[in-house]
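Numbering (this note's numbering), first residue to last: 20 to 209.
Take a look at the structure below.
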């Protein structure tokens, strides 16, 4: 009985799928500087695109940086913040506006449409543009940053973008193992 219980517990622990991560460690290095932190988001069905809902624990060159509580789809944010003279956006945004307002990054860095900002005016924070409408308007892919994050506008380098999922504990196998152990102890005591 004991061997069967152990085998069943191990089987559950090894073969049940782990919970999907919704937290992602990210970093980007530019001109000897590094911005890093944790993104909260949902991985899309393509297993590459992350719809970002927030960023936390952001550092600049290893030091805690000014918090960036606001995250935006960069195309949408700049179109709203800087409208054209006739009421049309100065920056044409991706097809689907206003439906496509979700901040997006990709695990491989091939598409970046993301802005994290200290205040709604987008004056301080950091922005990644690669493959989106704003990158096309600007004539290239860019990393832009306010004073707290290097105050720069440099060409975006996909090779300098790093992101990885923060694995969450597989609670179901742990729970099942605990229940099985309690049942085994009760049976042994009886």
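Glycine included, C-beta positions come from ideal geometry on N, C-alpha and C.
Counted as a single uninterrupted DSSP element, the beta strand (DSSP E) harbouring residue 74 occupies residues 68 to 79.
Along the region 116 to 140, the alpha helix (DSSP H) does not occur as any fully enclosed run of 4 or more residues.
In the three-state reduction of the DSSP assignment, residue 95 falls in the helix class, which pools H, G and I. Counting along the chain, the unbroken beta strand (DSSP E) around residue 184 starts and ends at 180 to 185. Counting along the chain, residue 55 sits inside the beta strand (DSSP E) bounded by residues 52 to 62. The continuous beta strand (DSSP E) containing residue 46 extends over residues 42 to 49. In this structure, residue 84 keeps its C-beta atom at 9 Å or more from the C-beta atom of residue 134.
DSSP places residue 85 in the coil class of the three-state scheme, outside both helix and strand. If you draw a straight line from the Cα of residue 79 to the Cα of residue 186, it comes to about 24 Å.
Around the C-beta of residue 81, fewer than 16 other C-beta atoms lie within 10 Å, and the residue is accordingly described as exposed.
Per DSSP, residue 164 is one residue of the beta strand (DSSP E) stretching across 161 to 164.
Close CB contacts of residue 49 within its chain, under the 6 Å cut and outside five residues either way in sequence, are with 162, 173 (chain order).
In the structure shown, the three-state DSSP call for residue 144 is strand.
From the listed residues 131, 169, 123, the smallest Cα separation to residue 142 is found for 169.
Taking residue 94 as reference, the option from 148, 137, 44, 124 with the minimal CA-CA separation is 148. One Cα belongs to residue 51, the other to residue 179, and the distance between them is close to 11 Å.
Counting along the chain, the unbroken alpha helix (DSSP H) around residue 152 starts and ends at 152 to 157.
Bridge pairing for residue 172: 163 [DSSP]. Only residues of its own chain outside the window of five on either side were considered, and among them 148, 160 have a CB closer than 6 Å to the CB of residue 154, listed in chain order. Pairing residue 58 with residue 44, the inter-Cα distance amounts to about 6 Å.
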